[in-house]
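A short worksheet on the structure shown next.
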Amino acid sequence: MSNLSAFLHPAPIQDVLEVIVSDRFRDENGKIIPFKIRPLTQEENEALSKQCRRSRKVNGQPVEYLDQAEYSRRVVVAGTIEPNFAAKEICDFYKVMDPTQVPSKMLRAGEFAALMKAIMRASGFGVDLEEEAKN
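The sequence shown begins at 157 in the working numbering and counts up by one.
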């Protein structure tokens, strides 16, 4: 059998992962509630990146750049299943109309970074596949 079969039948992706990013969110019994996240596809990543492209003039010439803060907010919202940052109740509670503003108001900086890192890792960033292949 050729290697083509492996590309036509990849291992299934675990769609929903649970991560603990904070001990501040607890249920009525005091148990820490994990965030539910999902990996992003490259197609989704490209769309998010495109939404975050900005332009500024440098020496009179337009230069395109990626607004990293905006990109991070969009990745966190797109990759988080629960809590649903786009839910009306959560947006109303944090007094925002744009769901991408919820995580910045809801989470501490380290919590936001941990959530972002978990989503990026689930999406295949920061994984050393060569090292895994050797093992």
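Each residue gets a CB set at the ideal place from its N, CA and C atoms; glycine is no exception.
query	result
The region 234 to 251 touching the region 189 to 202, judged by at least three CB pairs closer than 8 Å	yes
Cut-off 7 Å between Cβ atoms - residues of its own chain near Pro-190, not counting five sequence neighbours on either side	Glu-174, Val-175 and Ile-176
Alpha helix (DSSP H) runs wholly inside the region 215 to 271, at least 4 long, in chain order	224 to 235, 244 to 249 and 258 to 262
Lys-187, DSSP secondary structure in three states	coil
N-terminal and C-terminal residue of the beta strand (DSSP E) that Leu-173 is part of	173 to 175
Those residues which DSSP pairs with Lys-213 across a bridge	Pro-218
Three-state class that DSSP yields for Arg-277 in the structure shown	helix
Ile-228 burial status per 10 Å Cβ neighbour count (16 or more: buried)	Residue 228 is actually Ser in this sequence, not Ile. Label assigned to Ser-228: buried.
Cβ-based burial, Val-258 [other Cβ within 10 Å; buried from 16]	buried
Nearest neighbour of Pro-218, chosen from Gly-280, Ala-225, Arg-209 and Arg-264 [CA to CA]	Arg-209
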